[in-house]
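J.: This is the structure, below, for whatever I ask next.
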Amino acid sequence: MPKTANIREVARCAGVSPTTVSRVLNNSSIPGADTRERVLKAVEQLNYCPDPGFSAVFRRHHLGTPNPRTKTGVIGFLASNAILDQARAGDGYYSQIFSGIQKAVQENGNLLMCESGDENTLAMSEMVSRQRVDGLVVEGSFPATTRALLVKRLSVVFVDRTYPDLPASSVMMDIKRAVEEQLEYLWQLGHRRIVAFFPDVASLHIQIYQQAFRGFFEAKGLPVPLASLSRPREIDPESHARVMAAYAREIVTSTPRPTALISFDIYAASLLRKLQQAGLRIPQQISVMGIADTPVAALLTPPMASYAFSLHDMGRSAVELLIQHLRDQNRAPRHLLISGRLVPRESAGRPEPPEGSAET
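Start counting the sequence shown at 0; every next residue gets the next number (numbering that gives the first Met the number 0).
Okay, structure coming up:
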């Protein structure tokens, strides 16, 4: 395998310092036209490509196709380790958001650079600190100090999260509307004992979900039904199956028993199966509805009702917002809510009449 040229060899070939080479590849205005030309010729001669961002800059300037909208032509995607792993594994949720990001970046004529990090310990994105990207789409609950530093360094759009205290745009699902429409749908079917499964995590999604759930019953002048079944539960990937089984047992043994259950798809799908294993008939004895309408929802038996969002559009919208900010740095932040639609399926139906009663 041929030896890869380094920046010092490029500098010697061009008769300049390594710092000058770096400035040219970073599109700095300091090197003169003659110096820039010598560096670019050396880069071509030695086939020097330090990273996708720098090689993109080289191609644009050497081929005479400048892009006035950006400096490197590279859009960064920063996500937590878990989110990026799930996206690449095709999980049906994060993978759809990631697909929208990729498509929008490609259609805009940019390159996409991805990086992941630990949500609890990441201090700064390497691609940001090395100035390899023009702007950043961020997905994940990174520390507040990290978010503030990122926003200070460059244009950032948060996807699936929003931080109104930061001068950065965001794109999220309209969870409040989804919960309200689901509950009203179940209410019209005749359900009154409706419960919700909430994970005990510090998530804006869960906060909005809980507030909308409580607000629905408050608006009807009623307390939250069977409130103990809707308290948050500690859960993580390792304890998922155990927590789902325990929660299903709580529902089965509850007196009175709830007639409907709602949650995000990842939990609702698991609970549908656990409730069936516990002997309950879906939807006759309990209806189950999810949020997100991931591919697994339609494959369950019975198919699970859910609330569908265009996750692909959520990713696309994040990139489009970022491009707008790169074109106009003075543009005020925008916070978009992606609307969705109710998807009725066989897992949600009218509640079964109590034993000994007759339907009219």
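Note that beta-carbon positions come from the ideal geometry of N, C-alpha and C, so glycine has one too.
Per DSSP, Met288 is paired with what?
T.: As a working mapping, residue 288 is identified with position 289 in the sequence shown. In the DSSP output, where bridge partners are listed per residue, Met288 has Ile261, Ala304.
J.: For Met171, is the classification buried or exposed, using 16 other Cβ atoms within 10 angstroms of its Cβ as the cut-off for buried?
T.: Here residue 171 refers to the residue found at position 172 when the sequence shown is read from its first residue. Per the 10 Å Cβ criterion, buried.
J.: Would Phe185 and Ile193 be called neighbours here (beta carbons separated by less than 7 Å)?
T.: Start at 1 with the first residue of the sequence shown, and residue 185 comes out as number 186. Start at 1 with the first residue of the sequence shown, and residue 193 comes out as number 194. A small fix is needed here, since residue 185 is Leu in this sequence, not Phe. Contact: yes.
J.: With three or more beta-carbon pairs closer than 8 Å as the criterion, would you say the stretch 334–348 touches the stretch 299–308?
T.: yes
J.: Would you list the one or two residues that DSSP bridges to Met172?
T.: On the sequence shown, position 173 is the one that residue 172 refers to. Partner(s): Ile337.
J.: For Met313, count the other beta carbons within 10 Å of its own beta carbon; 16 or more makes it buried, fewer makes it exposed. Which is it?
T.: Within the sequence shown, numbered from 1, the residue matching residue 313 stands at position 314. It counts as buried.
J.: I'd like the list of long-range same chain contacts for Ile234, defined as Cβ closer than 6 Å, with 5 residues on each side in sequence excluded.
T.: Counting from 1 along the sequence shown, the entry for residue 234 is found at position 235. Counting only Cβ-Cβ distances below 6 Å, and skipping sequence neighbours, we find Pro198, Val242.
J.: Would you mind giving the Cβ-Cβ distance between His324 and Ser154, rounded to the nearest angstrom? I have them listed as a contact below 8 Å.
T.: For this step, residue 324 is matched to residue 325 along the sequence shown. For this step, residue 154 is matched to residue 155 along the sequence shown. With 8 Å as the limit, His324 and Ser154 qualify as a contact, their Cβ atoms being about 4 Å apart.
J.: From this set, Arg146, Tyr266, Arg191, Ala78, which residue's C-alpha is nearest Ala167's C-alpha?
T.: As a position in the sequence shown, residue 167 is number 168, starting the count at 1. Closest option to Ala167, Cα to Cα, is Arg146.
J.: Can you pull the DSSP bridge partners for Arg232?
T.: For the purposes of this step, residue 232 is taken as the residue at position 233 of the sequence shown. DSSP lists Pro198 as partners of Arg232.
J.: Given a threshold of 16 other Cβ atoms within 10 Å of its Cβ, counted over all protein chains shown, does Pro65 qualify as buried or as exposed?
T.: For this step, residue 65 is matched to residue 66 along the sequence shown. Residue placement at Pro65 is poorly supported in this model, since its pLDDT is 43, which falls under 50; the coordinates still yield a value, given next. Classification of Pro65: exposed, given that the 10 Å Cβ count is below 16.
J.: Classify Met112 as helix, strand or coil using the three-state DSSP reduction.
T.: Residue numbering aside, residue 112 sits at position 113 when the sequence shown is read from its first letter. Met112 falls in the strand class under three-state DSSP.
J.: Using CA atoms only, rank isn't needed, just tell me which of Ala41, Asp33, Val200, Leu148 is closest to Ile6.
T.: As a first step, residue 6 must be located in the sequence shown, where it is residue number 7. Measuring from the Cα of Ile6, the nearest candidate turns out to be Ala41.
J.: Can the beta-carbon of Gly348 be found less than 7 Å from the beta-carbon of Ser286?
T.: The sequence position of residue 348 within the sequence shown is 349, counting from 1. The sequence position of residue 286 within the sequence shown is 287, counting from 1. Yes, Cβ-Cβ distance for Gly348 and Ser286 is below 7 Å.
J.: What number of angstroms, rounded off, separates the C-alpha of Ser269 from the C-alpha of Ala240?
T.: Walking along the sequence shown from the start, residue 269 turns up at place 270. Walking along the sequence shown from the start, residue 240 turns up at place 241. Spanning the two alpha carbons is a distance of roughly 8 Å.
J.: Do you know how far the Cα of Ala296 is from the Cα of Tyr266?
T.: Taking the sequence shown and counting its residues from 1, one reaches residue 266 at position 267. Taking the sequence shown and counting its residues from 1, one reaches residue 296 at position 297. Approximately 11 Å, taken between the alpha carbons.
J.: Taking the straight line between their C-alpha atoms, what separation do you get for Glu319 and Arg35?
T.: The residue given as residue 319 occupies position 320 in the sequence shown. The residue given as residue 35 occupies position 36 in the sequence shown. Using only the alpha carbons, I get a separation of about 32 Å.
J.: With 16 other CB atoms within 10 Å as the buried threshold, where does Glu369 fall?
T.: Residue 369 lies beyond the stretch modelled for the chain, which goes from 0 to 359, so this question has no answer here.
J.: Out of Thr19, Lys219, Thr252, state which residue places its alpha-carbon closest to the alpha-carbon of Arg191.
T.: Within the sequence shown, residue 191 is the residue found at index 192, counting from 1. The option with the nearest alpha carbon to Arg191 is Lys219.
J.: Which residue marks the beginning of the beta strand (DSSP E) containing Ala78, and which one marks its end?
T.: Walking along the sequence shown from the start, residue 78 turns up at place 79. Run containing Ala78: 73–79, per the beta strand (DSSP E) assignment.
J.: Could you check which residue in Ile82, Arg333, Gly91 has the C-alpha nearest to that of Pro236?
T.: Position 237 of the sequence shown, counting from 1, holds the residue named residue 236. The shortest C-alpha separation from Pro236 is found at Ile82.
J.: Going by beta-carbon coordinates alone, are Val257 and Leu225 separated by less than 7 Å?
T.: By 1-based counting over the sequence shown, the position of residue 257 is 258. By 1-based counting over the sequence shown, the position of residue 225 is 226. Per the sequence shown, residue 257 should be read as Pro rather than Val. Yes; because the gap between Cβ atoms is below 7 Å, this pair is in contact.
J.: Just how far apart, CA to CA, sit Val136 and Ser202?
T.: Taking the first residue of the sequence shown as position 1, residue 136 is located at position 137. Taking the first residue of the sequence shown as position 1, residue 202 is located at position 203. In a straight line, the C-alpha of Val136 is about 19 Å away from that of Ser202.
J.: By Cβ distance, which residues of its chain are closer than 7 Å to Ile281, with the 5 residues on each side in sequence left out?
T.: Stepping through the sequence shown from its first residue, residue 281 is reached at position 282. Cβ neighbours of Ile281 beyond the five flanking positions: Leu271, Leu274, Gln275, Val287, Pro301, Ser346.
J.: Quick check: is the beta carbon of Pro163 nearer than 7 Å to any beta carbon in chain D?
T.: Of the protein chains in the structure, only one exists, and it is not chain D.
J.: What are the boundary residues of the alpha helix (DSSP H) that includes Phe216?
T.: Numbered from 1 along the sequence shown, position 217 holds the residue referred to as residue 216. Taken as a continuous stretch (DSSP letters only), the alpha helix (DSSP H) holding Phe216 covers 203–218.
J.: For Leu149, count neighbouring C-beta atoms within 10 Å of its own C-beta (all shown protein chains included) and say buried if the count is 16 or more, exposed if not.
T.: On the sequence shown, position 150 is the one that residue 149 refers to. Burial call: buried.
J.: Let's see if you can read the secondary structure: which residues bound the beta strand (DSSP E) around Gly134?
T.: Counted from its first residue, the sequence shown places residue 134 at position 135. Per DSSP, Gly134 belongs to the beta strand (DSSP E) from 134–138.
J.: In this structure, what does DSSP give as the bridge partners for Val158?
T.: Sequence index remark: in the sequence shown, residue 158 carries index 159 (1-based). In DSSP, Val158 forms a bridge with Val170.
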